[in-house]
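K.L.:
Input: one structure, supplied below.
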Amino acid sequence: MIRLFVAIRPPAAIRERLLGLMGGVRGARWQTDDQLHLTLRFIGDVDRHQAEDVDAALSSLHHPRFDLALDGIGAFDRRGAPTVLWAGVSPIAPLKSLHKKIDQALVRAGLEPERRAYAAHITLARIARGGGPVEPFLVGAGSVSSPPFPVDEFVLCQSHLTPAGAVYETVARYALG
Numbered sequence: 114m115i116r117l118f119v120a121i122r123p124p125a126a127i128r129e130r131l132l133g134l135m136g137g138v139r140g141a142r143w144q145t146d147d148q149l150h151l152t153l154r155f156i157g158d159v160d161r162h163q164a165e166d167v168d169a170a171l172s173s174l175h176h177p178r179f180d181l182a183l184d185g186i187g188a189f190d191r192r193g194a195p196t197v198l199w200a201g202v203s204p205i206a207p208l209k210s211l212h213k214k215i216d217q218a219l220v221r222a223g224l225e226p227e228r229r230a231y232a233a234h235i236t237l238a239r240i241a242r243g244g245g246p247v248e249p250f251l252v253g254a255g256s257v258s259s260p261p262f263p264v265d266e267f268v269l270c271q272s273h274l275t276p277a278g279a280v281y282e283t284v285a286r287y288a289l290g
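Spelled out as structure tokens, the structure:
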């Protein structure tokens, strides 16, 4: 089985800015430069034939290029305990449009539609149970922003799960515009 997801890789300058924010939270497993991405659609485990269908479906997708900018920092929590630190982006409308087109293409390729609401973000860290506190990090980095950066492609990535964390491999690129 092949574990796949669809994403946008921010440019190097944006990744460097995010890497510069990281640190200071107990129990946080910070993302590496190679791991920084904005997920458009998690696919999960598929066989080789389904992966080929996914590639074909994504290859036929048309969406205009657009710009994004970093826009704040936040945390996801489970039962009041922080689990993920993330960077936000804006504007959201072109991301939601691209996410919807990707989801529709994947449904045509035989996959189940996305059931969860789309929450555009770049994961900065995963936090172990009992980690934190995160409030000092959120206050210190919360107003992060950036100049707009162009989004002219999205990628299909394979996720290799290892004891040290996930290793991502880009397996296909799809141009926007």
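In our numbering, the protein residues as written are 114 to 290.
Quick reminder that beta carbons are idealized off the backbone N, C-alpha and C, glycines included.
All values reported here derive from a predicted model rather than from experimental measurement.
Could I get the ranges of all uninterrupted beta strand (DSSP E) runs contained in the segment 130 to 185, with 3 residues as the minimum, in chain order?
P.N.:
You should have 141 to 143 and 151 to 159.
K.L.:
By DSSP's criteria, A288 is part of a beta bridge. Which residues make up the other side?
P.N.:
E266.
K.L.:
I believe L171 touches R130 by the beta-carbon criterion, under 8 Å. Please report the beta-carbon distance rounded to the nearest angstrom.
P.N.:
Incorrect: roughly 28 Å between the Cβ atoms, too far for contact.
K.L.:
Go ahead and pull the three-state DSSP assignment for I205.
P.N.:
In the structure shown, I205 sits in coil (DSSP, three-state: anything other than H, G, I, E or B).
K.L.:
Is V252 helix, strand or coil when you go by DSSP?
P.N.:
Three-state DSSP puts V252 in a helix.
K.L.:
Just list the residues that DSSP pairs E282 with in beta bridges.
P.N.:
Paired residues: Q271.
K.L.:
Leaving out five residues on either side along the sequence, give the residues of the same chain with a beta carbon under 7 Å from the beta carbon of P177.
P.N.:
These residues qualify, in order along the chain: L289 and G290.
K.L.:
Let me check understanding here. Comparing Cα to Cα, which of V220, P123, T145 and D160 lies closest to M114?
P.N.:
The option with the nearest alpha carbon to M114 is D160.
K.L.:
Buried or exposed, going by whether 16 or more other CB atoms sit within 10 Å of the CB of A241?
P.N.:
A241 should be labelled exposed.
K.L.:
Cα separation between T196 and A188?
P.N.:
Spanning the two alpha carbons is a distance of roughly 7 Å.
K.L.:
When we look at the beta-carbon of P123 and count the other beta-carbons within 10 Å, is it buried (16 or more) or exposed?
P.N.:
When all chains shown are included, P123 counts as buried.
K.L.:
Please work out which residues of its chain come closer than 8 Å, Cβ to Cβ, to R221, disregarding the five sequence neighbours upstream and downstream, and give them in chain order.
P.N.:
Excluding sequence neighbours, R221 sits near A170.
K.L.:
In three-state terms, what does DSSP make of A120?
P.N.:
Here A120 sits in strand by DSSP.
K.L.:
Count the other C-beta atoms from every protein chain shown that fall within 10 angstroms of the C-beta of F250, then say buried if there are 16 or more, exposed otherwise.
P.N.:
Burial call: buried.
K.L.:
Of the residues R116, R154, P276 and G201, which one's Cα is nearest the Cα of S256?
P.N.:
Measuring from the Cα of S256, the nearest candidate turns out to be G201.
K.L.:
Please report the distance separating the alpha-carbon of H150 from that of P246.
P.N.:
Taking the straight line joining both Cα atoms gives about 24 Å.
K.L.:
Quick check: what's the CA-CA separation for G278 versus I235?
P.N.:
One C-alpha to the other measures close to 16 Å.
K.L.:
Relative to the C-alpha of R229, which residue among F155, R139, T145 and G137 is closest?
P.N.:
Closest by alpha carbon: F155.
K.L.:
By the 10 Å Cβ neighbour count, where 16 or more other Cβ atoms means buried, how is R139 classified, buried or exposed?
P.N.:
R139 comes out exposed.
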